[in-house]
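Visitor: Got a structure for you, questions after.
Protein chains: 2
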Amino acid sequence: MRATIIHAPGDIRVENAPEPTITAPTDAVIRTVATCVCGSDLWSYRGVLPIAEPWAIGHEYVGVVEEVGSEVSTVRPGQFVIGSFVASDNTCPNCRAGYQTSCLHAQQVNGAQAEYVRIPIADGTLVATPEQPDEELIPSLLTLSDVMGTGWYAARAAEIRPGSTAVVVGDGAVGLSGVIAAKELGAERIIAMSRHESRQKLALEFGATDIVTERGEEGVARVKELTNGVGADSVLECVGTQESMRQGLQSARPGGNVGFVGFPHGTQIDGQELFFSHVGLRGGLAPVRSYLPDLIQRVFDGRINPGKVFDLSLPLDQAAEGYKAMDQRRAIKTLLRP
Amino acid sequence: MRATIIHAPGDIRVENAPEPTITAPTDAVIRTVATCVCGSDLWSYRGVLPIAEPWAIGHEYVGVVEEVGSEVSTVRPGQFVIGSFVASDNTCPNCRAGYQTSCLHAQQVNGAQAEYVRIPIADGTLVATPEQPDEELIPSLLTLSDVMGTGWYAARAAEIRPGSTAVVVGDGAVGLSGVIAAKELGAERIIAMSRHESRQKLALEFGATDIVTERGEEGVARVKELTNGVGADSVLECVGTQESMRQGLQSARPGGNVGFVGFPHGTQIDGQELFFSHVGLRGGLAPVRSYLPDLIQRVFDGRINPGKVFDLSLPLDQAAEGYKAMDQRRAIKTLLRP
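Which chain is which? The protein sequence lines are R and E, in order. Under my numbering, the first sequence has 93 at position 52, and the numbering climbs by one with no breaks. Under my numbering, the second sequence has 339 at position 298, and the numbering climbs by one with no breaks.
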């Protein structure tokens, strides 16, 4: 089969590789229908994360079950499935608490930018769609594997409730998904912080009510102007830098909440600053498994269309170009078709 | 009148001072019935906070209203009242959200370790008891002015719910009050981290179900043993050091919450560590005003008896000895009687 291998920073190749097989009775093998490039894949691509040896990259996927191990009982060959980027048993105390990315038996999914992918602990990880989806739903279903679920978690961690005022820091695919989540969870005012015209447009289409182009102290001042002088109820931090975290914390009102899903790059949070802010803070790898049944239904119902974050769609063999376009910010997010 | 003045680190004197007067139409003057020494008073006493010039110290108080300004309408002379250590208008957006210590017009109360004290924005700050309290209720009512309200906030910020498992880090007066709060809010298992026998005893009396004497990694391991291997639902961090914050964060389960009320001394929180913990974190100066009506009723009903945290009671004139006993850890908390 064809699989995407990262050899070194900037060196992405689609190569022939052996098809994955069932290695544990809890595994499933999926024929990938669509996969995509994640912002976090760029950490390796940009040399931020070291690459000890070439490896099969990719962790977002939708596809059709090809084969299951003898202990798999919740999905069967032929079903269309979506799974999280982290495999989880969905039965341990952390899974039952809704934090499947902290599963006591969590395993990272890799090798998804390929024609077939092996998914460990399939019963806990995969969710079948109610029926075979129409072609047009595929991109949106694919986002549920990571990016839309991550935006959803940001909104939940930020405790958005009906009537809330929300700020979304970051206009990448996760931030834009966060706008969708904020809208679905009932936020009345959704302030998207963005400087890119195409992303502003998509944010507005997804439900943003205001765009703030300022950053830093000016950005905070602008948010306060829009929020009764005190700041927002909920802030979704979808970037992961020291600056974006401060932007997030300072944009929330006392008693408000920041959900942070941007992977923190050297971020330190000052205890006194957090203390005096009265802001609640929760982050982490999104437990997207927890949201799959609900979000699949919202996609099937046509309520949400997060697939629009894909502004580039390429055959799998052109994965290298997909990475390059995202790295150069020519694309928000690249979908790959095996 | 007699008032407690701090002149320099370690130099506490009770001196003659002019009685406070109404300076704004929203002020009240209270005849102090009881006051006390706060752990935070020790920061000045120990030279951690600079003392630019001698000042009238003290911010915890109960007493009888002596005089009110022309615009005060919710309390009247002769009423027994309790107020927060931070004066608040109780009408601004932050107050209405339940965060009176972030009131847009907040003022610090000082000079309470004295026979009389002036309270600004009295309507928003003071709450009258339903009747004149019996003498035996005075110590418990006094704790509502700060320390019991602070333990309550820690428990609320840690989102204790009926059936929760809670860990209390810190066995000072706030930590012990946190045990009471955890119990009242329905925690089923309350793990007090304490190495002092007398404080362990009080913690057990207040509702703790387990005592953990270990600290650091050993302390975390012990907590996990007691909590299904994953950590506690709720952690009350009542110390404020880097070590106690880490203890708190590592003792909470993924999806759990840490409420931190120990004033952070140079504490830095690592963004990645918080990210991977999936723990929610909220701290701050407790909005004790918010809890006064409820907590007053619990004291009057005999449900809670937080006054037991006072293990030393002295006449106001012996305030210096009261500070010394707390500084030397001979006393948990000192009550002063004008």
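Here a beta-carbon is modelled for each residue, glycine too, at the ideal position from N, C-alpha and C. If you're wondering where the values come from, they're calculated on a predicted model, not measured in any experiment.
1. R/PRO134 touches chain E at which residues, Cβ-Cβ below 8 Å?
2. Please list the partners that E/GLY219 has in chain R, where partner means a Cβ-to-Cβ separation under 8 Å.
3. Please report the residue range of the beta strand (DSSP E) in which R/GLU56 lies.
4. Counting contacts by CB-CB distance shorter than 8 Å, is R/LEU322 in contact with chain E?
5. For E/CYS77, does the three-state DSSP call read helix, strand or coil?
6. Unbroken alpha helix (DSSP H) runs of length 4 or more, entirely within the segment 291-370 of chain R: which are they?
7. Applying the 10 Å Cβ sphere with the 16-neighbour rule, what's the burial state of E/GLY119?
8. Which two residues bound the contiguous alpha helix (DSSP H) that contains E/ARG87?
9. Assuming R/GLY270 contacts E/GLY139 under a Cβ cut-off of 8 Å, what Cβ separation, rounded to an integer in Å, is found between them?
10. Under 7 Å between beta-carbons, which chain E residues line up against R/THR308? List them in chain order, please.
11. Short of 7 Å Cβ to Cβ, which residues in the segment 121-154 of chain R face chain E?
12. Would you please verify whether the beta carbon of E/GLY325 is less than 8 Å from any beta carbon of chain R?
13. Under three-state DSSP, which class holds E/LEU226?
14. Where do the N-terminal and C-terminal ends of the alpha helix (DSSP H) with R/VAL264 fall, by residue?
15. Mind checking which residues open and close the beta strand (DSSP E) that includes R/GLU108?
16. Which residues in chain R sit within 7 Å of E/PRO305, going by Cβ to Cβ distance?
17. Using beta carbons (cut-off 8 Å, strictly below), is R/MET286 in contact with chain E?
18. What are the residues that DSSP puts in a beta bridge with E/ASP251?
19. Could you check whether the Cβ of R/HIS319 sits closer than 8 Å to any Cβ belonging to chain E?
20. Please name the residue in E/PHE304, E/GLY190, E/PRO203, E/ARG230 whose C-alpha comes closest to that of E/VAL209.
21. What is the C-beta distance between E/VAL302 and E/ALA273, in whole angstroms, given that I count them as a contact (C-beta under 8 Å)?
22. Might you give, ordered along the chain, the residues of its own chain that have their beta carbon closer than 7 Å to the beta carbon of E/ALA153, omitting 5 neighbours on each side?
23. R/GLY152 by DSSP, collapsed to three states: which one?
24. Report the rounded CA-to-CA distance for R/ASP52 versus R/HIS237, giving the unit in angstroms.
25. Taking E/SER181 as part of the beta strand (DSSP E), name the residues at either end of that continuous run.
26. Quick one: which unbroken alpha helix (DSSP H) runs of 4-plus residues sit fully inside the segment 110-148 of chain R? Chain order, please.
27. Please classify R/GLN338 as buried or exposed, where buried requires at least 16 neighbouring CB atoms within 10 angstroms.
28. Considering only their Cβ atoms, is the gap separating R/GLY257 from R/SER218 smaller than 8 Å?
29. What are the boundary residues of the beta strand (DSSP E) that R/THR276 is part of?
30. Given this structure, state the Cα-to-Cα distance separating R/PRO61 from R/ILE46, to the nearest angstrom.
31. Below 8 Å on the Cβ atoms is my contact criterion, and I expect E/ASP68 with E/PRO161 to pass it. Report the Cβ-Cβ distance as a whole number of Å.
Guide: With the structure as the only source:
1. ASN269, GLY270, VAL271, ARG294
2. Those within 8 Å of E/GLY219 in chain R number zero; the least Cβ separation is about 16 Å.
3. 52-57
4. yes
5. strand
6. 312-318, 329-341, 360-368
7. exposed
8. Premise fails: E/ARG87 is in no alpha helix (DSSP H) and is neither H nor E.
9. Not confirmed; about 17 Å, so no contact.
10. GLY312
11. PRO134, ASN135, ALA138, GLY139, TYR140, SER143
12. yes
13. coil
14. 257-267
15. 102-109
16. GLY312, GLN313, PHE316
17. yes
18. E/ILE232
19. yes
20. E/ARG230
21. With 8 Å as the limit, E/VAL302 and E/ALA273 do not qualify as a contact, their Cβ atoms being about 16 Å apart.
22. THR73, THR76, GLY99, HIS100, GLU101, TYR102
23. coil
24. 28 Å
25. Counting along the chain, E/SER181 falls outside any beta strand (DSSP E), though it belongs to the alpha helix (DSSP H) covering 179-184.
26. 134-137
27. exposed
28. no
29. The sequence shown places Val at residue 276 of chain R, rather than the Thr named in the question. Looking at the DSSP string, the run of the beta strand (DSSP E) that includes R/VAL276 is 273-278.
30. 14 Å
31. 6 Å
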